[in-house]
Amino acid sequence: MMGNLLEHMGVERDRLHFSWISSAEATKFVDVVKEISDKVRALDTDKKFAKDYTK
Amino acid sequence: MDTCIEKIRTICADLLAKGKVQKVIGFAEGSIPMASRPIAVTSKEDVAKLVFNATCGLNLANYVSDVLPKEGKIAVTAKGCDSRNLVTHMVENQVSRDQLYIIGVPCTGMVDKRKIAALFEDEITDFIEDGDTLTIVSPQKKEKVSKKDVLRHNCRVCTHRNPVVFDVMAAEPVEEQSLDQPFADVDHIAAMDPAARWAHFQELTKNCIRCYACRNACPLCYCPTCFVDESSPQWVGKGQDKTDINTFHFLRAFHCAGRCTDCGACVEACPMGINVRDFTRKLNKDALELFGWEAGLDMEKRPPLDVYSPDDPNDFIK
Amino acid sequence: MNFITIDKKDWTTGIDKSRETYQVFGPVQDENGCQIKPLAPDVHPLMDAGVTVMSPKSVLFPQTQKMLTATLDASIEDHHVMKPVKKDDTPRVVLGIRPYDARAILLVKLNFDNPDYQDPYWCEAYAATTFVGLGVNHPGPCDFSTSTGCGPFSEEGLDVLMADLDDRYLAKILTEKGETWAGACGFDTRADAAESQSLFDILRKEAEKNITSVDTDQLSEKSILDLYEAPFWDDVAFSCINCGTCTFVCPTCWCFDIQDETKHKTAVRFRNWDTCMSPLFTHHASGHNPRGSKVQRVRQRFMHKLKYFVDKYDQGIMCVGCGRCVASCPVNIDIREVCTIMNNYESK
Amino acid sequence: MEYPQAVPLKYAINPDVCLKLTKDKCGTCETVCPADAIDYTMTEEVLTITAGSIILAPGFKPFDPSKFDNYQYANFANVVTSMEFERILSATGPTMGHVTTFPKLPAQPKKKKDKLLAQKRKDPKKIAWFQCVGSRDVNKCDNPYCSSVCCMYAVKEAIIAKEHAGKDLDCAIFFMDMRTPGKEFEKYYETAKHKHGINFIRSRVHSVTEDPETGDLLIQYVDEMGQIVKDTYDMIVLSVGLEISRETRDLAKKLDIDLTESGFAKTASFEPVTTSRDGIYVSGVFNNPKDIPESVLDASAAASAAGDALAEVRNTLTKEFPAVPETNVVGDRPNIGVFICDCGSNIAGVVDCPNVTEYAATLPYVTVAEETTYACSQDAQDKMVEIIKEKGLNRIVVAACTPKTHEPLFQETLKNAGLNKYLFEMTNIRNHNSWVHKNNPDIATDKAKDLVRMAVAKAALAQPLKEEKINVNASVMVVGGGLAGMTAARSLASQGYETHIIEKKDCLGGEALKLWKTAQGENVQQELDALIKEITSNDKIVVHTNTTLEGVDGFVGNFTSQLKTNGKTTALEHGVAVLATGAKALEPTEYSFGKDDRILRTLDLDRMFKENDPKLDTVQSAVFIQCVGSREPQRPYCSRVCCTHSVDNAIALKEKNPETDVFILYRDIRTYGERELLYKEAREKGVIFIRYDVENKPEVVVEKESLKITLTDHVLNKPVTIHADLLTLAAALVPRKDERLANFFKVPLNDEGFFVEKHAKLGPAEFATDGVFIAGSAHYPKPVNEAITQGRAAASRALTLLAKKDSLFTSGTIASVDVEKCSACGVCVSICPYNAPSFMAEGRFAGRADVNAVLCKGCGLCVASCRSGAIHLRGFDTNQILSQIFALDEVS
């Protein structure tokens with residue numbers, strides 16, 4: 013629901029990820045982190061929920 | 640609604656006289672046109688102050704847990720939404736059923752005061768309610784409108800006008816509405832492209848002054864310390880920065896996920912007229928679609944995000 | 009005192025002309041009501057709007073105001089040292105401010121500009137600002153400004169007071185600042201002083217007829233403790249939901265809270281409006297809160313406005329009768345009723 | 043080191059091949075070892091240890107299939123053993139979990155022949171498993187027993203192989219009987235068939251030939267319809283059995299204990315872990331082939347048996363370690379010491395450790411930053427204590443290897459230096475850094491700095507945490523007075539703990555009262571009688587018959603239970619509880635049960651044997667139907683005991699009168715372990731076994747003169763009719779599904795109603811709820827010896843808790859409620875799986891939540907679910923986590 017609400021607000025869904033990874037699933041952890049990093053990188057820096065302190 | 644007011648007064652006078660309750664929480668006439676105010680009545684002489692009309696748009700469940708006596712009961716008048724929030728309070732351990740005497744008030748909706756004010760260029764000096772007909776007076780003009788046409792949006796889409804729990808009813812139940820498109824407002828936003836959706840919410844909250852009236856009018860917000868008031872860790876900045884305002888509204892709404900009865904008190908209370916329901920309505924729609932859940936209908940079940948069930952939708956977990 | 013008339017046809021031209029010198033503030037309408045804001049170059053003040061939702065106090069005292077900044081980057085000189093931000097001291101004019109709001113600025117001045125303490129942010133903004141007021145021809149149902157030491161055509165705190173005469177404004181120039189502003193706009197059609205004054209008086213009397221009156225005469229006589237311990241506070245406070253609406257819309261509420269924020273290598277110190285309605289207002293670091301309950305906070309607000317202030321400054325009540333809190337309060341707590349209760353209270 | 047899981051995880055030198063030891067050459071290891079751990083002068087030493095009891099757990103060796111010429115394991119590259127295949131599937135194995143043909147070749151072959159073969163390497167499309175290799179076989183080897191575990195592991199390997207290689211992989215398992223009688227095993231088998239599409243082929247493959255070109259394997263077998271089938275597979279896995287090694291047999295001889303013919307230790311059903319020699323106990327596969335949970339139960343049971351004998355002298359040889367008084371650091375400015383470990387060259391070979399150390403010294407609150415070769419070595423630890431004391435450090439950060447293995451060690455060091463052990467933070471710059479980024483030393487160094495900075499940020503906020511002492515009431519409640527319950531009670535009482543048995547019937551014994559004899563031939567009633575006498579005469583045991591349990595309050599160490607005896611309720615305080623409520627036989631609704639007194643259940647037949655019913659002498663034709671109510675959709679489990687029981691009774695009938703025709707109608711005969719010998723004996727005695735399919739069950743028609751039983755013979759594929767005068771139904775064992783009891787102790791029941799233990803493999807006699815244990819058929823159906831083993835095991839697990847009477851502490855890293863912020867909404871109460879949060883009943887904050895430190899496992903569910911942010915996980919407080927995130931965000 014959180015993802016849906018963010019998306020509803022116009023925030024890219026790919027900025028939020030959920031995953032179950034057990035401590036034994038090292039490979040899955042690596043894959044998930046890589047996937048998330050790639051997706052978020054593709055979206056570029058968030059300007060919506062990032063505060064600009066220089067203002 | 641006049642007969643219902645009489646009935647409320649008779650019931651309350653009786654309850655207080657017989658000592659069945661120590662207090663009655665209800666609405667009283669306000670000091671300016673189109674205003675009403677919550678009131679606690681303890682003596683039967685004051686019972687005459689109790690009213691019920693189309694301006695009683697706040698949620699009285701918000702007042703219950705603050706005034707609970709150590710022993711004995713309090714009575715509360717409850718519209719459909721108030722009663723659903725009382726159920727939520729019972730489920731969430733804020734009050735127990737035997738501490739309450741619930742006077743159910745069937746409701747045909749509350750008026751949107753801003754909508755009415757917008758019909759006038761000058762200020763309203765009088766407001767008279769007679770069934771569905773509202774007579775509104777200003778120095779410049781006098782106008783009759785049908786209540787149906789100036790209902791608040793949440794009342795227009797309400798499908799629980801009758802109290803879901805009560806000890807006594809102050810009137811015969813009213814017919815419930817059935818809607819073809821209960822979430823047209825949500826769908827309308829959803830149909831926009833992401834940038835337009837973001838712009839919509841930015842525009843929506845641009846006048847927010849962070850008075851927290853929306854939060855404080857909400858019966859769901861009863862945490863002793865709200866996350867916005869925390870300083871360690873500071874979840875959200877306290878200034879008027881857009882990001883902080885967004886964060887506040889987003890998180891406030893999310894804390895209501897699966898718990899909101901769409902009573903509209905948040906919007907009613909907002910001095911800046913912000914329709915903060917744009918946030919909660921989406922969550923209500925999801926709660927219904929994902930969990931078949933409407934808040935405040937079942938005293939035995941906790942809200943869906945409070946519990947785990949193996950058949951919960953979990954497609955979002957990758 | 010000079011009076012000038014301004015033909016409404018010339019009004020926008022004059023205002024546009026003054027933009028060369030002034031940053032112009034004025035009422036603008038949006039879907040949530042009217043507010044006084046800085047005007048964009050193509051926007052003109054909506055002079056006939058009613059009471060603005062928010063008071064114009066933010067012109068001098070913004071809700072969030074950056075005060076000091078520092079860098080934590082050790083490679084930069086003077087790192088970790090808080091430095092003032094550059095202040096905007098260019099001239100500005102507030103158009104259409106109502107007389108009660110102008111009086112409110114004088115009340116706020118007691119706090120920000122007094123012999124003991126001068127708030128540089130507020131004082132510099134005040135010095136740079138010209139207040140061009142507009143008398144209230146049709147007071148709303150919440151207006152009780154005549155009971156607070158001002159009224160619909162009060163001149164206090166204004167540089168210019170105008171009256172709306174349908175096709176034209178009649179303006180009374182009250183100060184040199186006002187004179188300068190009129191000059192910058194090119195408004196120079198003199199009006200007859202006596203005739204103008206009597207027009208003002210007629211309008212004032214007409215307007216005053218519609219204003220509710222609230223008695224405040226007994227307040228200074230009452231004992232603080234009697235009022236403090238009076239039993240009526242529970243009833244007054246019952247419906248309060250402790251939002252900050254009343255204090256935020258109030259033109260005289262001046263409390264603020266200083267916050268620091270840091271991110272990466274930047275540190276910022278800023279102040280926000282605070283509200284005595286919030287439990288955080290008096291929350292001690294120890295965890296104790298002397299005003300931990302709602303009743304205590306509601307009592308504090310009214311006692312401050314209607315008693316402590318009266319006793320301390322001898323300037324009447326800390327309220328100008330604009331009625332904003334009455335209109336905006338979600339639960340209809342009406343300061344006029346509370347004032348009456350306090351004024352008439354007799355301890356047993 | 044054979045496996046990365048080896049314990050202890052240390053390298054050892056094989057003296058037979060070491061050049062230094064054999065030829066006095068090389069010596070490289072000594073020169074490269076930075077810890078100076080190599081000592082060539084060490085020699086074998088003979089130690090003399092005086093012990094009161096001995097437990098034998100020598101295990102097994104996997105059967106070596108090299109000697110089987112038909113499967114050509116030694117010659118064909120793609121024939122592997124199941125143990126080898128297990129390694130192929132392992133992420134740390136030779137192929138990193140990638141399923142490939144020619145797996146036995148080195149990854150980068152050097153020999154020319156291997157290189158050629160390696161080119162043929164491919165992802166297999168078809169893999170076959172051959173069951174019973176070295177088991178149930180007296181022709182090619184001398185292992186008549188069933189190895190008990192191979193069916194299940196083959197199914198598991200096939201499923202995992204498909205998970206690794208994709209669902210198109212064709213997996214076939216060639217078997218004789220599919221033996222999955224373990225808990226949850228039958229469901230797994232069904233899933234394998236229906237969900238994963240594993241082919242199960244009932245056939246024993248005669249031989250394998252190889253296509254010399256491709257390495258593919260050609261097989262030929264007879265299918266169930268009697269047809270000869272030829273097929274080709276890319277790989278064949280031999281499901282090798284378990285064997286007792288020569289060395290173990292020699293050991294047994296030295297110890298003078300009796301073995302069975304197959305080499306397993308001889309034990310009795312009522313003393314299932316006791317060898318023929320007093321004071322010597324046995325556990326694991328040496329005590330009959332078994333899976334992990336049974337081995338774990340055996341181990342616990344052996345410990346309890348060994349302990350019972352030594353109860354009198356307990357704690358006479360223990361030594362106390364003197365505790366260092368703890369320095370109070372609350373309110374002190376953080377004074378952090380950072381220790382960067384080189385781990386020899388493990389870390390320092392990649393990460394620039396001096397640079398990281400230098401950087402650490404610049405971080406806030408850090409007063410000491412030291413680099414050390416091996417932080418875990420004794421001298422480094424001693425130095426750490428010295429530095430802590432000398433510099434007055436109050437928070438310690440170690441950047442080294444994994445906290446999983448080393449955190450307790452460093453925490454011990456802190457304790458020795460007088461610091462609370464929770465003032466410690468460890469960050470893993472080896473596994474998470476130098477190992478994974480070994481080709482990018484610069485990045486690894488930067489990451490090490492990041493990790494150290496984060497650890498320092500968190501450590502600065504660390505607070506000393508208190509571990510609450512748990513007072514343990516030294517008495518025990520055992521629910522259920524059957525075999526398992528009584529065994530547990532006897533063991534606990536013999537170790538000196540007051541034990542209460544709660545039995546709802548008017549006598550002890552439970553379902554065992556209905557049994558005639560065990561699979562090993564012991565007379566159950568005789569043994570049971572002796573046990574009941576022992577129980578009733580033991581003054582440490584209080585038996586509450588006609589008693590039910592009405593309510594349970596409290597938690598580990600401090601339970602209060604309400605007992606209702608004949609309408610009167612009393613309270614019993616106890617520290618632990620053992621649930622042994624058993625199971626009962628199903629009342630069948632099929633095969634005309636109840637319509638004719640010639641149709642019995644197994645237990646009824648037992649009764650006839652016990653009573654020596656003369657009717658048995660007149661039986662001409664007896665039929666047993668297996669799986670009555672078991673392995674069916676509504677009861678998808680195997681009842682485990684019925685095959686052996688029926689086979690045993692069939693033999694008894696044959697012994698009574700060899701002329702009697704005895705038929706056993708079965709689906710799979712599951713005489714696991716040495717029970718297989720009974721199956722063999724039954725066949726030899728002429729018992730006729732006819733298999734039926736669950737879709738095509740036998741039909742029973744009651745006729746006056748006989749019972750007419752019709753079914754399809756699987757060999758002839760024709761209907762057969764048997765006229766019997768005795769029909770015994772092997773009725774399923776069904777659990778009591780006692781939801782009330784489960785609720786009292788907050789322990790889970792599975793779908794069928796058996797209790798769910800803490801861990802299916804490693805915690806089979808205890809629950810996830812601390813202080814509550816499980817034994818007997820309430821856990822899963824089991825025969826006498828296994829029920830007794832589990833009874834002992836439950837007692838053993840309970841004893842380890844009771845023995846900590848004065849030293850049982852909670853963890854410090856548990857949830858705690860900030861009552862000021864608690865909104866009493868109850869989310870934590872409803873969400874906690876351990877029932878740790880509750881509403882305070884009285885006091886200033888009555889109604890708000892409180893977390894019971896004893897019940898809390900520190901999982902953090904309540905912390906995450908608390909809307910009010912009132913719950914904090916000590917040691918992982920929100921501000922600590924955030925400080926780490928912010929520290930990460932800080933660009934260094």
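Residue numbers (this note's numbering), protein chains in the order written: chain A, 13 to 67; chain B, 640 to 957; chain C, 9 to 356; chain D, 43 to 934. In this text, a Cβ means the ideal position worked out from N, Cα and C, and glycines have one as well. This one's a predicted model, so the numbers in the text were calculated from it and none came from an experiment.
Sequence-distant residues of its chain with Cβ nearer than 8 angstroms to residue i (five each side left out)
| i | result |
| --- | --- |
| V594 (chain D) | F601, T602, S603, Q604, A619, F786, F787 |
| S934 (chain D) | Low confidence applies here, because S934 (chain D) scores a pLDDT of 44, under 50, leaving its location unreliable and the question unanswered by this model. |
Supposed contact pair residue j and residue i - C-beta distance, whole angstroms, cut 8 angstroms
| i | j | result |
| --- | --- | --- |
| L843 (chain B) | N914 (chain B) | 7 angstroms |
| E794 (chain D) | R712 (chain D) | Actually they do not touch by this definition, with Cβ atoms about 18 angstroms apart. |
Own chain residues within Cβ distance below 6 angstroms of residue i, not counting five before or after
| i | result |
| --- | --- |
| V867 (chain B) | V875, F887 |
| E615 (chain D) | N515, T602 |
| P806 (chain D) | P335, V338, L339, E799 |
Proximal chain B residues relative to residue i, where beta-carbon distance stays under 8 angstroms
| i | result |
| --- | --- |
| K63 (chain A) | G876, D880, T882, D883 |
| V905 (chain D) | By Cβ distance, chain B contributes nothing, its closest Cβ being about 13 angstroms from V905 (chain D), past 8 angstroms. |
| I873 (chain D) | D945, V946, Y947 |
Chain-ordered neighbours of residue i on chain B, where CB pairs are closer than 7 angstroms
| i | result |
| --- | --- |
| G148 (chain C) | E762 |
| P924 (chain D) | Contrary to the premise, residue 924 (chain D) reads as Leu rather than Pro in this sequence. Neighbours of L924 (chain D) on chain B, chain order: P872. |
| V257 (chain C) | P910 |
Closest by C-alpha distance to residue i, when choosing among the options
| i | options | result |
| --- | --- | --- |
| E266 (chain D) | D:R733, D:T920, D:A773, D:F851 | D:R733 |
| R176 (chain C) | C:L207, C:P123, C:G331 | C:L207 |
| G854 (chain D) | D:L621, D:A807, D:E745, D:Q505 | D:Q505 |
| R795 (chain B) | B:D806, B:D751, B:K845, B:E811 | B:D751 |
Neighbouring residues, chain D, relative to residue i (Cβ below 9 angstroms)
| i | result |
| --- | --- |
| C862 (chain B) | K863, C864, S865, C867, R909, S910, G911, A912 |
Where residue i meets chain C, residues with beta-carbon distance less than 7 angstroms
| i | result |
| --- | --- |
| N923 (chain B) | Going along chain C, no residue has its Cβ under 7 angstroms from N923 (chain B), so there is no contact; the nearest lies around 22 angstroms. |
Proximal residues of chain B, C-beta to C-beta of residue i below 9 angstroms
| i | result |
| --- | --- |
| T920 (chain D) | S871, P872 |
Under 7 angstroms by beta carbon: chain D residues contacting residue i
| i | result |
| --- | --- |
| E710 (chain B) | Within 7 angstroms Cβ-Cβ: nothing; E710 (chain B) doesn't reach chain D, min ~14 angstroms. |
Neighbouring residues, chain A, relative to residue i (Cβ below 7 angstroms)
| i | result |
| --- | --- |
| I913 (chain B) | Those within 7 angstroms of I913 (chain B) in chain A number zero; the least Cβ separation is about 14 angstroms. |
Residues near residue i by beta carbon distance below 7 angstroms, same chain, minus five either side
| i | result |
| --- | --- |
| G596 (chain D) | T602 |
| F955 (chain B) | none |
| I873 (chain D) | L903, C904, S907 |
| D165 (chain D) | V141, T142, A207 |
Amino acids of chain C, ordered along the chain, whose beta-carbon sits closer than 8 angstroms to that of residue i
| i | result |
| --- | --- |
| S675 (chain B) | N340 |
Item to complete: Residues of the stretch 716 to 729 of chain B with a CB closer than 8 angstroms to any CB of chain C: list them in chain order, please.
Response: none
Worksheet entry | Residues of the stretch 826 to 850 of chain B whose Cβ lies closer than 7 angstroms to any Cβ of chain C, in chain order | N846, I848, C850
Worksheet item: Which of the residues in the stretch 884 to 899 of chain B, read from start to end, lie with their CB under 8 angstroms from any CB of chain A?
Response: N885, T886, F889, A892, F893, A896, G897
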